[in-house]
Amino acid sequence: MKTRRIQTQPFTDQKPGTSGLRKKVSVFQQPHYLENFVQSIFNCLADDARNLLIIGGDGRFYNREAIQIIVKMAVANGFKRILVGQQGLISTPAMSLLIRKYKADGGIILSASHNPGGPEGDFGIKFNSSNGGPAAETLTDAMYQQSLTITEYEIFEAENISLDNFFTYTIEDTQVEVINSVTDYADHLATLFDFQIIRSLLTSGSFRMIFDAMHAVTGPYAVELLQNRLGAEEGSVINKIPLEDFGGGHPDPNMEYAHELTESMFKHDAPDFGAASDGDGDRNMILGRQFFVTPSDSLAIMTANIHHIPGYKSGACGVARSMPTSQAVDRVAENLGIPCYETPTGWKYFGNLLDSNKITLCGEESFGSGSNHIREKDGLWSVLFWLNLIAIRKQSVADIVREHWKKYGRHYYARHDYEEVDKSKAEQLMSHLTEQFDQLPGSQFNGFSIVSCDDFSYTDPVDSSISTNQGLRILFDNGSRIVFRLSGTGTKGATLRLYLEWFEQETTRHEEDPHQVLAPLAEIAEQLAQIRQFTGREKPSVIT
Ligand code: G16
Numbered sequence: 065m066k067t068r069r070i071q072t073q074p075f076t077d078q079k080p081g082t083s084g085l086r087k088k089v090s091v092f093q094q095p096h097y098l099e100n101f102v103q104s105i106f107n108c109l110a111d112d113a114r115n116l117l118i119i120g121g122d123g124r125f126y127n128r129e130a131i132q133i134i135v136k137m138a139v140a141n142g143f144k145r146i147l148v149g150q151q152g153l154i155s156t157p158a159m160s161l162l163i164r165k166y167k168a169d170g171g172i173i174l175s176a177s178h179n180p181g182g183p184e185g186d187f188g189i190k191f192n193s194s195n196g197g198p199a200a201e202t203l204t205d206a207m208y209q210q211s212l213t214i215t216e217y218e219i220f221e222a223e224n225i226s227l228d229n230f231f232t233y234t235i236e237d238t239q240v241e242v243i244n245s246v247t248d249y250a251d252h253l254a255t256l257f258d259f260q261i262i263r264s265l266l267t268s269g270s271f272r273m274i275f276d277a278m279h280a281v282t283g284p285y286a287v288e289l290l291q292n293r294l295g296a297e298e299g300s301v302i303n304k305i306p307l308e309d310f311g312g313g314h315p316d317p318n319m320e321y322a323h324e325l326t327e328s329m330f331k332h333d334a335p336d337f338g339a340a341s342d343g344d345g346d347r348n349m350i351l352g353r354q355f356f357v358t359p360s361d362s363l364a365i366m367t368a369n370i371h372h373i374p375g376y377k378s379g380a381c382g383v384a385r386s387m388p389t390s391q392a393v394d395r396v397a398e399n400l401g402i403p404c405y406e407t408p409t410g411w412k413y414f415g416n417l418l419d420s421n422k423i424t425l426c427g428e429e430s431f432g433s434g435s436n437h438i439r440e441k442d443g444l445w446s447v448l449f450w451l452n453l454i455a456i457r458k459q460s461v462a463d464i465v466r467e468h469w470k471k472y473g474r475h476y477y478a479r480h481d482y483e484e485v486d487k488s489k490a491e492q493l494m495s496h497l498t499e500q501f502d503q504l505p506g507s508q509f510n511g512f513s514i515v516s517c518d519d520f521s522y523t524d525p526v527d528s529s530i531s532t533n534q535g536l537r538i539l540f541d542n543g544s545r546i547v548f549r550l551s552g553t554g555t556k557g558a559t560l561r562l563y564l565e566w567f568e569q570e571t572t573r574h575e576e577d578p579h580q581v582l583a584p585l586a587e588i589a590e591q592l593a594q595i596r597q598f599t600g601r602e603k604p605s606v607i608t
C-alpha cells in the first residue's frame, strides 16, 4: 500500500459560497471533483497543521463514500491523527466543539445543511479552522485559488475503514479513530444550562414538548439530551433516525418544511413547546402552543434574558446579528448598554468577534443562534436555552415573547424567497435596483419616506478585512427596512431573498397578522425591483 499521486485538471466552479462548497450530488460524483477540492483545502494548511483532523457529516447520501476518500487523502497528506464520526455522523455544532476540545487543526464537515439530500439532492463540504469556526473568507478564497490551478492530488491506497464500530486503525503513520461525538456534546451543554430545573419541567407531567430531528443528524444528540438526560417522554423526539434522503423531506426548520411539527403545534391541544433543527444540526425553530417565534425575536429574547442561564450569569459583553436579521436585538443591546454588531450573512463573520471576546451571543434570521461556547450556530443549544428560560420564568413561550414586545416594541418580520430563478435575471434585478439608489433618498412610497439605501459592506473590527456587495438595503424614516440579497447556499439558478421589517411600538398593535402588516412594504419592494417581471414568478416560493 502506498501514496498515489493522481494527475487532475482544475474545475472552475469550486468557489465556496455562504457556507462551504454546495452542489448537486451528481456534481460531486464526477471523477476527481471531491478530491480536487479536498486537496485544495490541504494545500492551504500550514505544514505544521497536520496533527489532528476531524471528519464527519450530516449523514446525507454520498457522506460515507466521501469520508472514505477524505480519510485516505488525509493519510497521504501526512495527518498524524484523524477522528471520524461513527456512521460518518458529526453535527456542525458538535464538530465545532470537538475541534476546540481536542485542539484539532481543523475539521471537514460534509453537509449541504438545510438543502434536500438523496441521489438527486445536494451535497456539500466545508472546512472549519482550529478555532472551531467556518474558514474565514481569506482562507476560502485561497482554497478557491488552489482549485483553479491544481494539477494533482495525493491519496493513500488502503481498504475502507468500518464507520459503524468504534475502532482505532493505524494506516501508514496515521492513527484513524472512529468516535461517538454525542457524549462530548451533551456533556458540554450540561455545563451551560440548569439540567435539574429543565428536568423538573419536562418530568412534571404538565409540560409536553416535541423536537423534530427531521431525519437528519440531530436525532441521536436530541434523544440523548432531551429524553435520556432531561427526562422528556419517550417519543418526544420525532423523525429521530438520520436517513440519507432525510425521509424525502427538506431538512429546513421552518413552518413550511417542518410541517409535521407545525401541524402538531397548531392543534387546539398542542404541546407547550416545539422545536426543530436542520440537516447538520446548527439551525433551530422555536414554537410555543399555536405560536411561532421569529429567529430574530429569539435572539433578542435570549439576549434580554441571558443572565437567567447558569453558563452566562454575568450577562453578555456584546451581541451580533447578520445584516438582514431584524433590529429587535439592537434595542435590547441598547437597553443593556452593550455593543451590537451588524455583520454580513454567514456565521464565519462572527468568528473574529467571538474570538476577541467582543460578543457573547449572535444570531441570524435564517434560523441560527449561538454563543461563545463554540464557533458555529447551535440548534440544540438554542432549544435548551428556551427550555431553561421557560423553566425559570414559569411562563409559556407566547407570554415570554409578548412581554418582550411590550417592553421593546415588536419588529414584524418576514423573508420571501424566490428559489431557482434565472441567475442572470436575478442579477439584472439587483442592478436595476442599485441604479435607482441615487434618486431614492427623500422619495415617498405608500406614505413612508426613504432615508437611505446602500449596498451593505462590512469592515471587520478585528482584522479590518472588508466584505462588499453583501445585500441591498432600503431604510425608511419609521425604522422599517427592505433588504434584497442573492443567497449563497443554493445549488441551482439563483435564490432571491427579500427581507421585510416593520417596527411597531404600540402594544395594542402587537397581535396583527405579520403578512398584512408587511404588505405595504412588499408592495414597495415590487414597485422598486419589479420582482414579478424579472423572476417571472407571481409569488415567493417560500415565506418564512
Ligand atoms: C448558512 C450560513 C448562515 C447563513 C445561511 C443562509 O447556513 O451558515 O450563516 O445565514 O447559510 O445563507 P444564504 O442566505 O446565503 O442562503 P447553513 O445552515 O445553510 O449552513
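Take any residue in the sequence shown, note its place counting from 1, add 64, and you have its number in the working numbering.
Virtual Cβ for every residue (Gly too), placed ideally from N, Cα, C.
Just so we're clear, the structure is a prediction, and the values are computed from it rather than from any experiment.
Item, Value
"Delimiting residues of the beta strand (DSSP E) encompassing G427", "425-428"
"DSSP state of T571 mapped onto helix, strand, coil", "helix"
"Through-space distance from S521 to G552, alpha-carbon basis", "16 Å"
"Contacts around R601, its chain only, beta-carbon distance under 6 Å, and the 5 residues preceding and following it disregarded", "Y482"
"Minimum C-alpha distance to S460 - residue among P335, V135, T82", "P335"
"DSSP bridge partner residues for G216 (one or two, in chain order)", "In the sequence as displayed, the identity of residue 216 is Glu instead of Gly. Answer is Q71."
"Best match in S177, Y477, C108, S245 for proximity to W611 [C-alpha to C-alpha]", "There is simply no residue 611 to check, as the chain begins at 65 and stops at 608 in what is shown."
"Assigned secondary structure, F355 (DSSP; H/G/I helix, E/B strand, else coil)", "strand"
"Candidates I438, T255, E398, of which the one nearest N416 by Cα", "I438"
"Sequence-distant residues of its chain with Cβ nearer than 7 Å to D419 (five each side left out)", "N195"
"Nearest-angstrom Cα separation, counted from E568 out to V393", "14 Å"
"Minimum C-alpha distance to Q132 - residue among A222, S495, P315", "A222"
"Element boundaries [beta strand (DSSP E), containing E241]", "238-243"
"Which listed residue (N318, F310, H480) has its alpha carbon closest to that of G338", "N318"
"Whole-angstrom distance between D169 and E308, CA atom to CA atom", "28 Å"
"Coarse secondary structure for S516, derived from DSSP in three states", "strand"
"Contact check, C381 vs I365, beta carbons under 8 Å", "no"
"Cut-off 6 Å between Cβ atoms - residues of its own chain near T555, not counting five sequence neighbours on either side", "R86, K87, K88, D186"
"Closer than 7 Å: G185 CB and nearest ligand 1 heavy atom", "no"
"Three-way DSSP call (helix, strand, coil) for I402 in this model", "coil"
"Paired residues, beta bridge with S435 - DSSP", "L425"
"Residue range of the unbroken beta strand (DSSP E) whose run includes V148", "145-153"
"Run of the alpha helix (DSSP H) containing V465, from where it starts to where it stops", "461-472"
"S193 CB to nearest heavy atom of ligand 1 below 7 Å", "no"
"Within 8 Å, strictly: CB atoms of A384 and F414", "yes"
"Minimum C-alpha distance to V135 - residue among D342, L98, K458, C404", "L98"
"Distance cut-off 7 Å: S83 Cβ against heavy atoms of ligand 1", "yes"
"Within 8 Å, strictly: CB atoms of H332 and L453", "no"
"Coarse secondary structure for Q260, derived from DSSP in three states", "helix"
"Secondary structure of I189, DSSP reduced to three states", "strand"
"At least three beta-carbon pairs within less than 8 Å, the segment 253-273 to the segment 442-456", "yes"
"Sufficient close CB pairs (3 or more, under 8 Å) joining the segment 139-156 to the segment 338-353", "yes"
"Own chain residues within Cβ distance below 8 Å of E298, not counting five before or after", "Q291"
"Three-way DSSP call (helix, strand, coil) for E483 in this model", "strand"
"L98, enclosing alpha helix (DSSP H) - first and last residue", "97-107"
"Buried or exposed by the 16-neighbour rule on C-beta atoms within 10 Å, applied to N526", "Inspection of the sequence shows that residue 526 is occupied by Val rather than by Asn. Exposed."
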